[in-house]
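Residue numbers (my numbering): 2 to 203.
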């Protein structure tokens, strides 16, 4: 027998209440307005009773949306969804494991799973270095953003913006910018690449 959406809801709530009863969560039962008599009746229910709910047309529930809980929950889910989508975009652009660990705390197993899901070719050896023009553009784009993010590392969205602006793989971007970070204070005081600075100093 096919149940209605109402009977599906009642069955789901009763199953939740039975689980609360099994786990001794009396507070949750009280919050749902289950008193001693209702709890005792709940103890007597079995799987067949839950199936019989599908044939009933009575509705014993009052649904009330708590907006103070609902909107923070929605915001949290939205942030998670956006973060997961951003992770997939970065990995599709060949972001290395170290980058994903640093920016998202992503583990190696999940990283491998996402690469397989996105059919990203396995990385073999060191990534090819960008040509001189691309490296110079990358340096300028990176320095401009480092100035704005003086209190911490660039955000994932900033790295993605650089990738889209320069057209260099995320792996090369990460490796080069991490290498440049080791030079020290590069917050826009020079518009030259490290190689150019070395030549000018010589």
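Virtual Cβ for every residue (Gly too), placed ideally from N, Cα, C.
* Could you check how far apart the C-beta atoms of residue 43 and residue 59 are, in whole angstroms? I think they sit under 8 Å. => With 8 Å as the limit, residue 43 and residue 59 do not qualify as a contact, their Cβ atoms being about 16 Å apart.
* To do: Pick out the complete alpha helix (DSSP H) segments inside the region 13-80, 4 residues or longer, and give them in chain order.
  => For the region 13-80, the continuous alpha helix (DSSP H) assignments of 4+ residues that do not extend past its boundaries occur at 27-32, 37-44, 48-53, in sequence order.
* Do three or more CB pairs link the region 110-123 to the region 41-55 at distances below 8 Å? -> They do not touch, by the three-pair rule.
* If we call anything under 8 Å between Cβ atoms a contact, is residue 115 one with residue 81? -> Contact: no.
* Whose CA, out of 28, 134, 64, 37, lies closest to the CA of residue 11? -> That would be 64, whose Cα lies nearest to the Cα of residue 11.
* Is residue 114 close to chain B, meaning its C-beta is less than 8 Å from at least one C-beta of that chain? -> The displayed structure is made up of one protein chain only, and chain B is not part of it.
* **Segment limits, alpha helix (DSSP H) that includes residue 183** => According to the DSSP assignment, residue 183 belongs to no alpha helix (DSSP H), since it is labelled neither H nor E.
* Burial state of residue 174 (16 or more Cβ within 10 Å) -> Looking at its Cβ environment, which holds 16 or more other Cβ atoms inside 10 Å, residue 174 is buried.
* Endpoints, alpha helix (DSSP H) assigned at residue 99 -> It spans 98-105 - the alpha helix (DSSP H) in which residue 99 sits, taken as one unbroken run.
* What separation, rounded to the nearest whole angstrom, lies between the Cα atoms of residue 104 and residue 73? -> The straight-line gap from Cα to Cα measures roughly 23 Å.
* To do: Return the CA-CA distance between residue 193 and residue 85, expressed in angstroms with no decimal places.
  => Only weak support is given to the placement of residue 193: the predicted model assigns it a pLDDT of 49, under 50, and the value that follows is read from those uncertain coordinates. Going from the Cα of residue 193 to the Cα of residue 85 covers about 35 Å.
* To do: Starting from the C-beta of residue 14, find all residues in its chain whose C-beta is less than 7 Å away, skip the five residues before and the five after it, and write them out in chain order.
  => Excluding residues within five positions, the ones whose Cβ falls inside 7 Å are 62.
* Give the secondary structure of residue 111 by DSSP, where H, G and I count as helix, E and B as strand, and everything else as coil. => In the three-state reduction of the DSSP assignment, residue 111 falls in the helix class.
* Asked: By Cβ distance, which residues of its chain are closer than 6 Å to residue 146, with the 5 residues on each side in sequence left out?
  -> Cβ within range, chain order: 155, 159.
* **Option nearest residue 130 by Cα separation, candidates 92, 102, 27, 180** => Its Cα nearest to that of residue 130, the residue 180 stands out among 92, 102, 27, 180.
* Residue from 37, 95, 144, 26 whose Cα sits closest to the Cα of residue 168 -> Considering only alpha carbons, the answer is 95.
* Asked: If we ignore side chains and look at the alpha-carbon of each, how far apart do residue 37 and residue 30 end up?
  -> One C-alpha to the other measures close to 10 Å.
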